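First up is the structure itself, then whatever we jot down about it.
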Amino acid sequence: MVSNSLENVKTYKKLGLGSLSLLIFVLGLLFSVSIGKYDAIGDHVLRFIGENPWSNGGTGLHYTIFYSLVFLYTSINYWL
281 MVSNSLENVK
291 TYKKLGLGSL
301 SLLIFVLGLL
311 FSVSIGKYDA
321 IGDHVLRFIG
331 ENPWSNGGTG
341 LHYTIFYSLV
351 FLYTSINYWL
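Residues in the sequence shown are numbered from 281 upward in steps of one, following our numbering.
Structure, rendered in structure tokens:
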């Protein structure tokens, strides 16, 4: 009786930086996107560490987008 040798081979896919890049990408999106009436998670994080997420109080340049771009850029570099 001849058995298929491929049935006996166990293959495991390793988790690497490419797998981690999806998590970093999702964090980047969550960091910058506000949902409904709630602020973005990045705004809360910046306020928690004592920084204002906007350059002019509640208006102006939104600093959170720059921090989220760091997440997105990093995830794309790890993915490629």
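Glycine included, every Cβ here is placed at the ideal spot set by N, Cα and C.
No experiment lies behind these values; they were computed from the predicted model shown.
Euclidean distance between Cα positions of residue i and residue j
| i | j | result |
| --- | --- | --- |
| Y358 | L307 | 14 angstroms |
| G316 | L310 | 13 angstroms |
| F328 | T291 | 44 angstroms |
| H324 | Y347 | 13 angstroms |
| A320 | L349 | 14 angstroms |
| K294 | L300 | 11 angstroms |
| V313 | N332 | 16 angstroms |
| L341 | L352 | 19 angstroms |
| G337 | Y318 | 17 angstroms |
| G298 | L326 | 28 angstroms |
| G330 | L360 | 35 angstroms |
Strand pairing of residue i, partner residues [DSSP]
| i | result |
| --- | --- |
| N336 | T339 |
8 angstroms Cβ cutoff met for residue i and residue j
| i | j | result |
| --- | --- | --- |
| S355 | I304 | yes |
Integer Cβ distance of residue i from residue j, believed to fall under 8 angstroms
| i | j | result |
| --- | --- | --- |
| G322 | T344 | 4 angstroms |
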